[in-house]
Structures are given as C-alpha cells and as structure tokens.
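Student: For the sequence shown, our numbering assigns the number 602 to the initial residue and increments by one for each residue that follows.
Just so it is clear, CB atoms sit at the ideal spot from N, CA and C, and this is done for glycine as well.
This structure is a prediction, so every number in the text was calculated from the model and none was measured.
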Amino acid sequence: MRPLKRTIHFDMHTQKEVYDVGSQFDAAAFAQTLYESKVKYITFFARCNRGYSYYPTKIGICHPSLNGRDMLGEIVRECHKHDIGVTAYVNAVLSQAVADAHPEWTRSRLKSGNRSELCFNTGYINHLESEAKEIFSMYPDLDGYFLDCIGLAAPCKQKECIDTMLKNGLDPDNQSQLLEFDHELKIEAARRVRDAVPAGKYFFCNGIKELQDEKYINEKFNTHYEVESVPGCGSWGYDCFPTLISYNRHFYNKVMYMAGRFQIEWTDFGGLRPEAALEYDAFTALAFGGQITIGDCMHPRGTFISPLMKTVKKVYSQIETVEKWTDNAKYVPEIGVYCTHNKTKEQHNTFIENLNVFKGAQRVLAELKYQFDFVDRHCDLSLYKVLILPDNMTLDKDEQSVISEYLKNGGNIISTGFSALNMDKTGFALPQWAFEYTGIDNARASYFTMDAENIPDMDVAIYNPAIRMKANDAENLANYVPSYPVGNVDYVYAQPDKPTGESVVARNDNVTHISFSLFTAYEGAAYPPHKYLLENLIKHYLPQKYITCDLPTYARATLTATEDYTLLHILSYCPERRGVPVVEEAIDLYNKSFIIKTPKSVKSVFDAQTQENIDFTQDEKGIHFNIDKIPGHRMIVLQY
Ligand SMILES: [Zn+2]
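Written as structure tokens, this is what we have:
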C-alpha cells in the first residue's frame, strides 16, 4: 500500500450547467505538479455529491459536459507513474442526478436542484455497492475508497421505511427506535461498500459511528481514520483535531488530519488560508501522531489553485525532511481522560455527545503541556498513572467494575462535576468516593476558595453546573461558597455569601473529586484558575511531567517516540478569534528551556530538520537543554 501521507483531498461537486468540465485537465501535467509539490497521496472524485461520475460509468451518470472523458482513469495512471497513491471519492448520501433519476430512492421526494438525501432501505444500496465494484473492476490498481457523508442524513420517514419498521415490530414514532433503525441501515450500507472494496486497499467511511457501539466495535469498517476538521470553518475550530485524534488513535494505526485551504466553509472556492496556518495544521498532525491531508476544491475545468500548490510545496518539503523520524513514532501519553460507554438517551456515542467536555479537557491539558490520551474501557488503562473522569461520566455497573479495577491496581483518579455518580445521580457510585453527596447545585452562581499555587485569594467563580458535597473524613482542599439566597436572579446580583462547610475539591487517597464541571467551564470561559486548580491536583499524583518547559500557554509541546528515540514537537502559533479563528503568522520564541523525561538515557539531541546538535545535560529529572529560537515550529530528536 502506498503510504497515506502528504495528502491532498480534491473535492469537485459540479452542477450540470457547468459546460466545460475537464476542458483544461492535463493529467500528466497535473501529476507532475503534485510530484514537484511533494504530494504523496490524493483523494480524487469518482462521483460527486451532485451525482455525476468523472469516469465512463455504465451504471451511473457521467457529467454531461465531460463527453465521456475518463478523468479518474487518467489521474490514477499518471499519479502512479510518480508513485502517488489515489483514493476514489464517492458520496454515500448526496447524489442529486441519481436522486432525480430515481426519486423512489430518496428520503424526501424533493424536486431536482435540491439536496435530496438517498435512502439505504431502497434499491440505492445495491447501486452504491455496484458502483464500488465497477470502479475497482475498471481501476484495479486504485489505492483506496472514500465513502463520504454516511452519517449526514436524518432518519428516513418515507412509507417504505415506516412499513419496514412496522414489519420488524418497531414504532416509527419512537425517536429512539427510529434512530436505531436508521443506524442499522447506515451500518449495512457501510458494510456492503466495504465488502465491495478489494482487500489491501484503503477504505474510509466518513461519519459512521461504530466506535462505542458495542455491537460493531470489532467490525473494522475503516482501514484508517480521517478527522475532517477545517479549523476556520463551522464549529470545528483549532481544538477539534487534537481532541478527536486523542481518542481515535487507539483504534486506528493511522489517523489523518483532514484540514483544508478554506477560510469560512468547506469548498468555499475563493478561500485560501495563509501559509502559516497550513504549516500549523501539518505540524500539529505530526505532533499528535497523525498525518496531514489538505482539503481542496478543484476548479471544474481541472486546473490547480496555483497559490495553494506553492504553499503545499513549501509545507510538504519541510514535512518530507522529518518523515524518517515521524513516520513510525507513536504519541507518548502520561494521563488518560476516560470516556464511558453508557448509552444515555438514544445516542450511540458518549464521546461525541460530550465533545465539548473533551475539547475543554484537550485545551486545559495541552496548555499545561501534559501528554494525554482519551480512553475508554477497551484501552489499556495501566498505561496511565492518572485517569480523569470529566464532567458527565456517570457510572453504570460495567463502568464501576472497570474503574474499581483500575484503582485496585494502584491508579489515581481525578473526577469532575457529575462524573463518578451513579446513573440516577443520587450519589457516588463507588465507596472509594468517600464524600457525602448533598445534591445538585442549581444556583446561578457559586464560588470556591482554595489556598494553592496560582489560585487567587478570593471567592473564585465556578461558572458551571456542579454538585454539592461534603468531604467529611476525607481531605477538604477547597471550600464551597454559595451566592446569597436571592433566588433565580441574574449573575450580577448573585454575590458570594459565606462558606457552608461543604467542599468543592475533596481527596480520599487515590481519588479526588472536583464538584463542578471544570472542563465544560474551561471550554466556555477558559478561566486560568480552573486550569491551575487541575494542575495542582495532578501534581499530587504525578510530581513530574514528561515535558517541563517555560513555553507560553498558547504554545504546544508533545512527545512521540519509537524504541530508538523520542521526538519533541514544539508549535508556536496562536489562532486569533477574528470572526473565524485565524493564524496568519507564526510567533517566534527565543531561548526556551526544556526538561524531558525519557525512558532511556540519551546519546545525542539534535534538530530533526537541520541535524544541528543541541548541548544537553542529563540527571535524574531527565534531559535538560535550551533552544535558542523557535520560528513557529521545531522538532527535536533525543536519540537513545
Ligand atoms: Zn427510506
């Protein structure tokens, strides 16, 4: 299999009125430019979300102005001459020309020109499967298949689906049963297409929620994972990729950061993010143990956005020089953030339901330069000296036994908010939480006081839903201060009253609980005392971090490693909120000091790009060195 790295994901979704599709497309020149731009892999459209195919299909609908030309075949042939891999793109749910030809396959019988969504409980599922078979029979050396948008569509309410549900004894008016039925249809579509893709090819089904679905956890739908997350667009932002890869890298050997060139939304044709932004994306992917793919939207005539290719060449040339170090290096975690599998409501995925909680956790821990993984009960928890149960991780019987086992084996847990409560939220689920639960804090504003490093000596705001608790015989580390009993008034009238004797932070040996939802609070308010509160508690269990440094909070530092070396990744960029988050330039840093804890003694320390040696000393704390200049990013090799 050709390596999936230094990738470009070419989108092209073209209306029938576009009269000159492919008219300037020169596949040989195209592949040559990719090669010169250091691109190693591309995703290229076989069929777009308007329903048109870009190869001479016998079962689908070719774009009318393509006049039978085979863009896909030409690009596969020419890319392979340069050893560039090609994955074919097909949209699972959107295919307007196909929907217009087969209105009986759609979820909503809308007229053409709209975005009709196709239903898998119709003949469309056979079509989707046949399309994959046709593509691989025509292009047997194609490298992979990308099935997009499978999770996009809402449950179908057409008569056929209602009838099928009734026939299977399901109630279409029951939202939970409706979603379950829809989920099963999506799983079946993913399975049919996956099975049509020959062995040894890449396959990625974008949007299938098999993780955390116990029924399908072992049914490998994807050969790898692609985190679609264009930082400036929609709700993604810069926190999405590090959050998602920190969970997905347990389940997939390879995780791609599918960023994009777009300024405000995916396929915003005239948008082009600055070079520093794409450089930041690419080095972020490597820093978290992933690879980069840049999303582009090609002009229908088949031409490049040349300023993009100039930037790609600059960024991918840099990536190429460090790949001998990064290709096999794995992220090195020290803290686990635990996600339960409880099925709350009708959802299948506690992680996605609580994405903001995990985004908040990612941000706090990354700012503090901790190395972290997001984990669940399918992961080896013995790797983590500290486990965090963030905000909403209530424990059913199965989760209680996983957590008890972890504690019995010497682990330490910090839980926040409603985590560690039983499913009914009437008390802590396990006796190790030897604190007295006194109820939910419904007040508009509550506060705490704490005598600890970096916590101001005042009534500090909680900013978030909390529980109330007493430490009793356990250690009380922070006092609860309610607002005056003024009723449900605005924040401004809810000043702090006096301590009640209740606790906001309580510790019982290897279990510490923070009464408020610290990570949700940080995601919304980013209040530094909350971050330092957590750091103080982690330090108690983990006195020395893997990375000790004097980088500013906005900078990122991570470790990846192999048997032979540790890599320190340093990133100094600061997305600014300008309507959308923007990175326009890197921020140079000077004379920064590092202590890196490594498992083995180190022979040499040097820059991965320039090979320049760096003076270091070694003691029981780890490897000490200074870096004179960090121009946006540096990657340092600590060779054993
Ligand atoms: Zn249907």
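Could you name the residues whose beta carbon sits closer than 5 Å to any heavy atom belonging to ligand 1, keeping them in chain order?
Tutor: Selection output, chain order preserved: C720, N722, C757, Q759, C762.
Student: In whole angstroms, what separates the C-alpha of F645 from that of D744?
Tutor: Computed Cα separation, rounded: 11 Å.
Student: Should I1197 and L1168 be called a contact, given that it needs their Cβ atoms to be closer than 7 Å?
Tutor: Result no, Cβ atoms of I1197 and L1168 do not sit closer than 7 Å.
Student: Does the distance from the CB of Y653 to the CB of L673 come in under 7 Å?
Tutor: Result no, Cβ atoms of Y653 and L673 do not sit closer than 7 Å.
Student: To which residues of the same chain is N957 closer than 7 Å at the C-beta, ignoring the five residues directly before and after it?
Tutor: Closer than 7 Å at the Cβ level, and outside the excluded window around N957, lie T1121, E1124.
Student: C940 to N854, Cα distance in whole Å?
Tutor: Between C940 and N854, the C-alpha separation is close to 20 Å.
Student: Find out if the Cβ-Cβ distance for the pair G896, M859 is shorter than 7 Å.
Tutor: Yes, they are a contact pair.
Student: Where do the ends of the beta strand (DSSP E) carrying I920 lie?
Tutor: Premise fails: I920 lies in the alpha helix (DSSP H), 907 to 927, not in any beta strand (DSSP E).
Student: Quick check on DSSP: helix, strand or coil for P1126?
Tutor: One point to set straight first is that residue 1126 is Ala, not Pro, in the sequence displayed. Here A1126 sits in helix by DSSP.
Student: In chain order, which alpha helix (DSSP H) runs of at least 4 residues are fully inside the region 817 to 855?
Tutor: You should have 841 to 849.
Student: From Q864 to H614, what distance separates their C-alpha atoms?
Tutor: Approximately 18 Å between the Cα atoms of the pair.
Student: What separation, rounded to the nearest whole angstrom, lies between the Cα atoms of D1229 and V1238?
Tutor: Their backbone Cα atoms lie some 16 Å apart in a straight line.
Student: For K816, I'd like the list of residues in its chain whose CB is within less than 6 Å of its CB, leaving aside the five on either flank, ordered along the chain.
Tutor: Closer than 6 Å at the Cβ level, and outside the excluded window around K816, lies no residue.
Student: For the beta strand (DSSP E) containing D1229, list its first residue and its last residue.
Tutor: 1223 to 1232 is the span of the beta strand (DSSP E), which, as asked, contains D1229.
Student: Is T824 near F804, with beta carbons less than 7 Å apart?
Tutor: In contact: T824 and F804 (Cβ atoms closer than 7 Å).
Student: At what residues does the alpha helix (DSSP H) containing Y1007 begin and finish?
Tutor: 998 to 1009 is the span of the alpha helix (DSSP H), which, as asked, contains Y1007.
Student: In three-state terms, what does DSSP make of E1213?
Tutor: Correct three-state label for E1213: coil.
Student: Taking only runs that begin and end inside the region 635 to 684, name each unbroken beta strand (DSSP E) of 3 or more residues, in chain order.
Tutor: Listed in chain order, the complete beta strand (DSSP E) runs (minimum 3 residues) inside the region 635 to 684 are 642 to 646.
Student: Between the region 997 to 1008 and the region 864 to 875, can you find at least three pairs of beta-carbon atoms closer than 8 Å?
Tutor: The region 864 to 875, when compared against the region 997 to 1008, does not touch it at the 8 Å Cβ threshold.
Student: Per DSSP, what kind of secondary structure is E1076 in: helix, strand or coil?
Tutor: Strand.
Student: Classify Q963 as buried or exposed, calling it buried when 16 or more other Cβ atoms lie within 10 Å of its own Cβ.
Tutor: It counts as buried.
Student: Enumerate in chain order the residues of its own chain whose CB-to-CB distance from E876 is below 6 Å, with the five nearest sequence positions on each side excluded.
Tutor: Excluding positions up to five away in sequence, the list reads T912.
Student: Who are F1036's beta bridge partners in DSSP?
Tutor: None, per the DSSP bridge assignment.
Student: Please name the residue in N1089, D1074, K659 whose C-alpha comes closest to that of S1104.
Tutor: Taking only the C-alpha atoms, the option nearest S1104 is D1074.
Student: Taking the alpha-carbon positions, what's the Q1219 to E921 distance?
Tutor: Whole-angstrom Cα-Cα distance: 30 Å.
Student: Going along the chain, which residues of its own chain have a beta-carbon closer than 7 Å to the beta-carbon of A1079, five neighbours each way excluded?
Tutor: Cβ neighbours of A1079 beyond the five flanking positions: F1049, T1050, M1051, S1104, V1105, V1106.
Student: Please work out which residues of its chain come closer than 8 Å, Cβ to Cβ, to V699, disregarding the five sequence neighbours upstream and downstream, and give them in chain order.
Tutor: Answer for V699: G652, G661, I662, W706, L719, Y725, H728, listed in chain order.
Student: Report the residue from F721, E735, Y636, S696 whose alpha carbon sits nearest the alpha carbon of G686.
Tutor: Ranking the options by Cα distance to G686, first place goes to Y636.
Student: Could you give the DSSP three-state label for P704: helix, strand or coil?
Tutor: P704: helix per DSSP, three-state reduction.
Student: Among H610, T608, R603, which residue has its Cα nearest to the Cα of H681?
Tutor: Among H610, T608, R603, the Cα nearest to that of H681 belongs to R603.
Student: Distance, Cα to Cα, K1204 vs D977?
Tutor: Cα to Cα, the separation comes out at about 36 Å.
Student: Out of S666, Y746, P704, which one is the CA nearest neighbour of N692?
Tutor: Cα-wise, what sits closest to N692 is Y746.
Student: To the nearest angstrom, how far is it from the Cα of G961 to the Cα of A628?
Tutor: Computed Cα separation, rounded: 45 Å.
Student: Which two residues bound the contiguous beta strand (DSSP E) that contains M739?
Tutor: It is not in any beta strand (DSSP E) - M739 instead sits in the alpha helix (DSSP H) that spans 725 to 739.
Student: Return the CA-CA distance between I643 and M739, expressed in angstroms with no decimal places.
Tutor: Their backbone Cα atoms lie some 18 Å apart in a straight line.
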